[in-house]
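Data first, discussion second: the structure below is written as structure tokens.
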Amino acid sequence: MYNMFDMLLKTLHVDCLGKSIDDICSNGFTKVHARNHCAHFVSHVLGIRFGELCGNLPNEKNRGKGGITNGTGATIRCNELYNGLTSRGKWENRPAFADGLLIFVTPAGNVRALLQDGTLGTMGTDERKHVGIYFSGRVYHYSNGGNRVIVDPTVERFHDKFKGQYGRKNNVSLFFAVVPYDVYEPHQDVHNIC
Ligand SMILES: [Zn+2]
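Numbering-wise (our numbering), the sequence shown opens with residue 12 and increments by one.
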């Protein structure tokens with residue numbers, strides 16, 4: 012029987028793990044053009060397109076052919092990804108069924124105007140922010156340092172890593188966002204990217 016989450020997990024674990032953004036981005040918006048591909052990776056895998064897209068900016072495919080990739084590709088900015096999804100908030104307030112959720116990490120002060128119940132809020136443009144996809148206790152995400160898709164075996168490991176990178180004094184915190192999978196049709200792009 013068709014199970015979307017089984018397919019998504021297979022895509023992440025079998026098809027994407029170890030791949031670089033060069034294998035993932037159909038527009039060739041790669042290391043040459045940007046340094047941070049966390050949201051870019053997540054959005055290609057899930058077919059998310061809003062805010063700034065890799066196709067709108069200079070990339071390998073549109074070089075010398077101005078505009079031909081406009082409106083194509085995937086969301087590239089972590090804060091636009093968080094702010095663009097309607098169900099979001101602190102990780103401890105996530106829905107009970109967590110597989111397939113986006114997991115964000117950033118200093119707490121970079122998410123403002125959370126509601127009293129710890130939901131919604133707006134993520135700012137602090138460079139210290141990162142996003143991955145949560146699955147069965149693990150976090151799949153793009154390692155900008157290693158230039159490839161990796162998996163952290165636990166949320167704690169993922170969190171600790173970024174506490175170290177972003178500064179332990181900065182209350183580095185986790186946030187979730189729900190991907191409306193009925194709208195985004197995961198895997199749509201994946202056959203030709205991973
Ligand atoms: Zn792309």
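Backbone N, C-alpha and C define an ideal beta-carbon position, used for all residues, glycine too.
Selected residue, minimal CA-CA separation from residue i, among the options
i	options	result
Gly95	Glu63, Leu126 and Asp110	Glu63
Thr165	Tyr145, Lys180, Gly156 and Asn181	Tyr145
Gly84	Thr22, Asn90 and Asn73	Asn73
Tyr192	Gly58, Phe108 and Asp128	Gly58
Thr22	Ile161, Gly175 and Tyr177	Ile161
Asn70	Cys36, Asp137 and Ala124	Cys36
Tyr153	Val183, Met15, Cys89 and Lys76	Cys89
Asp128	Tyr151, Asn104 and Ala109	Asn104
Asn47	Asp17, Val56 and Val142	Val142
Arg159	Lys101, Ser31, Gly148 and Asn81	Ser31
Leu113	Phe40, Met18, Leu185 and Leu28	Leu185
Thr41	Asn81, Asp17, Asn155 and Gly135	Asn155
Gly82	Asp171, Phe61, Ala119 and Asn182	Phe61
Outcome for residue i when other beta-carbon atoms lying within 10 angstroms are tallied against a minimum of 16
i	result
Ile79	exposed
Thr133	exposed
Asn38	buried
Met12	For Met12, the pLDDT reaches just 46, beneath the cut-off of 50, and the residue's location in the model is therefore unreliable, although a value from the coordinates is still provided. By the neighbour-count rule (16 or more Cβ atoms within 10 Å), Met12 is not buried but exposed.
Thr117	buried
Arg179	exposed
Ala107	exposed
Glu91	buried
Val250	Shown here, the chain extends from 12 to 205; a query on residue 250 therefore has no answer.
Ala50	buried
His202	In this prediction, His202 scores a pLDDT of 45, lower than 50, which makes its location untrustworthy; no coordinate-derived value is stated.
Lys76	exposed
Leu126	exposed
Val53	buried
Delimiting residues of the alpha helix (DSSP H) encompassing residue i
i	result
Leu57	Cys49 to Leu57
His170	Val166 to Tyr177
Phe16	Met15 to Lys21
Ile7	Absent from the structure is residue 7, since the part of the chain shown begins at 12 and ends at 205.
Residue i - containing beta strand (DSSP E), residue span
i	result
Phe186	Val183 to Ala188
For this session: For the region 95-160, list the beta strand (DSSP E) runs that are entirely contained and at least 3 residues long, ordered along the chain.
Result: Taken in chain order, the unbroken stretches of beta strand (DSSP E) that lie wholly in the region 95-160 and span 3 residues or more are 99-101, 113-118, 122-125, 131-134, 141-146 and 149-154.
Exercise. Which residues are close to ligand 1, meaning CB closer than 6 Å to any heavy atom, in chain order?
Worked result: With 6 Å as the limit, the residues whose C-beta approaches a heavy atom of ligand 1 more closely than that are Cys36, Asn38, Phe40, His51, His55, Cys65, Gly84 and Ala85, in chain order.
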